[in-house]
Every structure is written in structure tokens, then in C-alpha cells.
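Novice: Next up is a structure, given as C-alpha cells.
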Amino acid sequence: MARSDTASLDWEPLEAGALRLAFRGTLNAGSAERLWPEVMRKVAESRPSAVEIDAQGVEGLDAAGMALLFGVKAAQEGRDGDFRIRGLRDDLGDLMELFDPGPPVAPERGPGLLVRSVNRLGQAAHEFVTGFHSQVGFLGEIFVRLLGVLVRPSRLRWADTFLIAEKAGANAVGIVGLMGFLIGLILAFQSAVAMQKFGAEIYVADLVVISLFRELGPLITAFILASRSGSAFAAELGTMKVNEEVDALITMGVDPVRFLALPRIVAAVAVMPLLTLFNMLSGLIGCGLVMRSFGFPVATYVNAIQQAATLGDLFGGLVKTFVFGALIAGIGCLRGLQTGNSPSAVGDSATRAVVSGIVGIVLADGVFAVVYYYLGI
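Here the sequence shown is numbered in the working numbering, starting from 1065 and rising by one per residue.
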């Protein structure tokens, strides 16, 4: 539908550099669109010290017309000029006052770089202290519950513990065996590249078995368990937290750490050494295939393993697995219980559980390396 355009404009220069703009008719969308360029150009070219709007002939006014008048007012205020309207009907004047945006307000300046830096530093320190406090509290509660289980084993939910051990242990045998086999195969081939230069391919078995028993066997198994079961623990407990099931347990007087976290930690600690042993065995099989391809008999390979590795190497690697299993399950349960209420909270908790678990495993392995060095193991 066409917009009516019945307005007209007359302008007249006044004394002292002032300018009078006389509007007639109805200032609506159609007339405001036509008059806007002319009015703004005239005000910009003449740069008047004051603008007087003669509105005696204005019969009607809508939002577009008010925008035209407010635009002239803003242009004058931008150059510190005066602006006034005279002769406007009372009802139209009240409408103008209602929609008057007022003088432009400069946005408040934000804090400076130094203040923002200090603020971020304070927030990071607060998050660190809060997280450390919750982790220490969770660790202490786990120790207390474990002591309670040692005193009275019936306190542990054994049915759930065996079910979790099946999911985390028995169901992971395939991937653990495959990874161990491939690691043994790769280590043997990579070691053979250097040993062939000296005609010492038989010592490939020594390198592989020591690496598997002392480091790679426990580490690879721990990484698999962290990415597979640690994330699952965090997702399970996180989903329960989002669905308010954890709050329901607390309301009923049930400790979520004893009810949810403890069975998972006990199961992970129990299956971790077994999975590591299977990983080591698979790695030795992979290395044995490479040695057989080099022409060494199986008996020679087995004899080389017996001479290279000791029970100290084997038990030194297995001792780590108990700590790794406790770290993986504990971190996964902690991240799950720390889950927020947002839609992405469960995924974030699972991601944090895997990353924190792997970092914790590497740090613990470094501590073991230093301790074993000074103990001569």
C-alpha cells in the first residue's frame, strides 16, 4: 500500500546564525523519507548555531516523523548547538516527550588491562584452590571408606563391583591385547633397525621385554583404561548428577562416594594388573613374530627373555598398575560428581576425566621412575 505524503518544508535563516525549519502537513513515513535528506543536508551545510522547528502547521506525527525531528536534534547536540520546537500541539508534544531518547550516553569504560589481568589471576587462583580443596576432600573420603571396607567388607557393594570389573576389565581384553601386540611388533622392528648395523638383532628381545615390563605395558594399559573406563565413569556419574539422582541419594541419607565411587575404584584397581599382564604377554608375542622372521628359533627368543628380564622388572611394572587404576577411577568419579547442569556438562566431564587421568598417570609414572632410580630397582 502506498504511503501518503502531504508534508512540506520551508526554511528561513534567522539572526545570529540560527535556522528556522517550518513543517506543514503530516510527518509520517512517506514524508519523512522524502524530507530527511533535504533537512539533514541543509543543517550540515549551514551549521546553524540554533535550529528552531516551527510546528504550528504539523497536523500529524508518527514514529518516522519523530525520528526526523530527533535526528535534527541529535545533529545539533553533536556540534553543541541549540535546538527547540515551538507551536507543536500538546498531544503531539506529549508523544515526543514519551519517545525522546535523550542525549547520547557514552558507554562506560571497562576496567584497564592491569585490572583485568589481576582479575583473571584472582579467578584462576580461586579455581585452583577450590579444585585442590575438593580433590583433597574426595581423596580423604575415599581413604576413610576404604578403611571401612577393610574393617567390614560387607559395606562394599560387591555385586556392582563385579559388574563394573567385567565392563572395565573383561570387555577390554580385546583392545588391550591388540594394542600390546602392535606395540611389541613396532618396538621390535624399530629396535632391529639400529641393531642390524652391529649384527646384534638378538638384543631386540632384551630392549622390548624391558620396555614392556617396566614402562610401556603399564602405561599403554593405563591409557586405554583412562580413555575407555575413566570417561565412562565420569559420564555415568555425570548423567546421574544432571538427572538429580545423586541429590536424591544424598536426600535419602546415602553417601554417593561409598555407593557410586568406591565400587568403581576397587574394580579398576583389581583389573588393572590383570590387563597389564595380558598386554605384556601380547607384546611379547608380537616381538616373537618379528624375531622369528629374523630367523631366530622360539627357544632362543624365550631364553633371551629369561636372561633380559627379572622378577623385579615385572613386579616393578605391576606395582604401578595399582596406583594407575586408583588414579583413573578416582579422577573419573570425581569429574562425574563435579558435573554441572548445562546440556554439555556430561561431555565436558568425560573430556576432563580423560585428560586429567592421562596427566595423572604420567606424573605418577615420573614419581615411580625417580623412586625406582634411588632404590636401585
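Note that the Cβ used here is the ideal one computed from N, Cα and C, for glycine as well.
Using DSSP's beta-bridge definition, name the partner residues of V1410.
Specialist: According to DSSP, V1410 bridges with nothing at all.
Novice: Rounded C-beta distance between Q1140 and F1134? I'm assuming under 8 Å.
Specialist: With a Cβ gap of about 11 Å, Q1140 and F1134 do not count as contacting.
Novice: Take M1304 and list the residues in its own chain whose beta-carbon comes closer than 7 Å to its own, dropping the five residues that flank it on each side.
Specialist: Excluding sequence neighbours, M1304 sits near V1310.
Novice: With C-beta atoms as the reference, is T1340 less than 8 Å away from T1385?
Specialist: Yes, the pair counts as a contact, with Cβ atoms nearer than the cut-off.
Novice: Is the separation between the beta-carbon of R1084 and that of E1097 shorter than 8 Å?
Specialist: It is not a contact, given that the beta carbons lie outside the stated cut-off.
Novice: Report the residue ranges of all alpha helix (DSSP H) runs contained in full by the stretch 1310 to 1369; include only those spanning at least 4 residues, in chain order.
Specialist: List check, alpha helix (DSSP H) in window: 1326 to 1357.
Novice: Can you tell which of L1099, R1105, L1152, R1150 has the C-alpha that lies nearest to the C-alpha of A1128?
Specialist: Out of L1099, R1105, L1152, R1150, L1099 has the C-alpha closest to the C-alpha of A1128.
Novice: Can you name, in chain order, every residue of its own chain whose Cβ lies under 6 Å from the Cβ of R1067, other than the five neighbours on each side?
Specialist: Legend: pLDDT at R1067 = 48, less than 50; position of this residue unreliable, value from coordinates given subsequently. Cβ within range, chain order: A1093, G1094.
Novice: When you compare only the Cα positions, how much space is there between G1145 and G1124?
Specialist: Going by the C-alpha atoms only, they are around 27 Å apart.
Novice: Do G1248 and L1348 have their C-beta atoms closer together than 8 Å?
Specialist: The answer is yes: Cβ separation under 8 Å.
Novice: Cα-Cα, which of I1274, E1109, S1198 is closest to A1252?
Specialist: Comparing Cα-Cα distances from A1252 to each of I1274, E1109, S1198, the minimum goes to I1274.
Novice: Whose C-beta lies closer than 8 Å to the C-beta of L1073 among residues of the same chain, with five residues either side of it excluded?
Specialist: L1085, A1086, F1087, R1088, L1099, E1102, V1103, listed in sequence order.
Novice: Per DSSP, what are the beta-bridge partners of W1075 in this structure?
Specialist: Answer by DSSP bridge pairing, in chain order: L1085.
Novice: So for I1441, helix, strand or coil by DSSP?
Specialist: Three-state result, I1441: coil.
Novice: Would K1137 be called buried (16 or more neighbouring beta carbons within 10 Å of its own) or exposed?
Specialist: The residue in question, K1137, is buried, as its Cβ has 16 or more Cβ neighbours within 10 Å.
Novice: Using a Cβ-Cβ cutoff of less than 7 Å, which residues in the same chain neighbour R1416 once the five nearest sequence positions on both sides are dropped?
Specialist: Within the same chain, R1416 has close Cβ partners R1399.
Novice: Counting Cβ pairs closer than 8 Å, one from the stretch 1264 to 1282 and one from the stretch 1201 to 1217, do we hit at least three?
Specialist: Contact fails: fewer than three Cβ-Cβ distances are below 8 Å.
Novice: From the DSSP output, in three-state form, read off A1066 for me.
Specialist: Reliability fails at A1066, whose pLDDT of 41 lies under 50, so the model's placement of it is uncertain and the value that follows must be treated cautiously. Coil.
Novice: I need the straight-line Cα distance from E1265 to V1257, nearest angstrom please.
Specialist: Spanning the two alpha carbons is a distance of roughly 9 Å.
Novice: Have a look at R1184, V1418, Q1187, G1381 and flag the residue whose alpha-carbon is nearest the alpha-carbon of A1296.
Specialist: A1296 has its Cα closest to that of V1418, out of R1184, V1418, Q1187, G1381.
Novice: Using the three-state DSSP reduction, which class does Q1044 fall into: helix, strand or coil?
Specialist: Outside the modelled stretch of the chain, which goes from 1065 to 1441, sits residue 1044, for which no answer is possible.
Novice: In the DSSP assignment, find the unbroken beta strand (DSSP E) run with R1098 in it and report its ends.
Specialist: Taken as a continuous stretch (DSSP letters only), R1098 belongs to no beta strand (DSSP E), being part of the alpha helix (DSSP H) at 1093 to 1110.
Novice: I think A1298 touches A1414, with their Cβ atoms under 8 Å apart; what is that distance to the nearest whole Å?
Specialist: Indeed they touch by this definition, with Cβ atoms about 5 Å apart.
Novice: With respect to the beta strand (DSSP E) encompassing F1147, which residues constitute its N-terminal and C-terminal limits?
Specialist: Residues 1146 to 1150.
Novice: Terminal residues of the continuous alpha helix (DSSP H) containing N1461?
Specialist: No answer is possible for residue 1461: it lies beyond the span of the chain, which begins at 1065 and ends at 1441.
Novice: Output the distance between the C-alpha atoms of E1109 and E1191, rounded to the nearest integer angstrom.
Specialist: Those two C-alpha atoms are separated by around 59 Å.
Novice: Here's a check: name, in chain order, each residue in its chain whose Cβ is nearer than 7 Å to the Cβ of G1380, leaving out the five neighbours to either side.
Specialist: Excluding positions up to five away in sequence, the list reads R1278, Y1436, I1441.
Novice: Which residue spans inside the stretch 1199 to 1262 form an unbroken alpha helix (DSSP H) run of at least 4?
Specialist: Complete alpha helix (DSSP H) runs here, min 4: 1222 to 1232, 1237 to 1259.
Novice: Let me confirm a value: L1227 is counted as buried when at least 16 other C-beta atoms fall within 10 Å, else exposed. Which label applies?
Specialist: The residue in question, L1227, is exposed, as its Cβ has fewer than 16 Cβ neighbours within 10 Å.
Novice: Classify L1439 as buried or exposed, calling it buried when 16 or more other Cβ atoms lie within 10 Å of its own Cβ.
Specialist: Exposed, by the Cβ-count rule.
Novice: If you draw a straight line from the C-alpha of G1396 to the C-alpha of D1224, how long is it?
Specialist: Cα to Cα, G1396 sits roughly 17 Å from D1224.
Novice: According to DSSP, is T1194 part of a helix, a strand, or is it coil?
Specialist: DSSP places T1194 in helix when its eight states are reduced to three.
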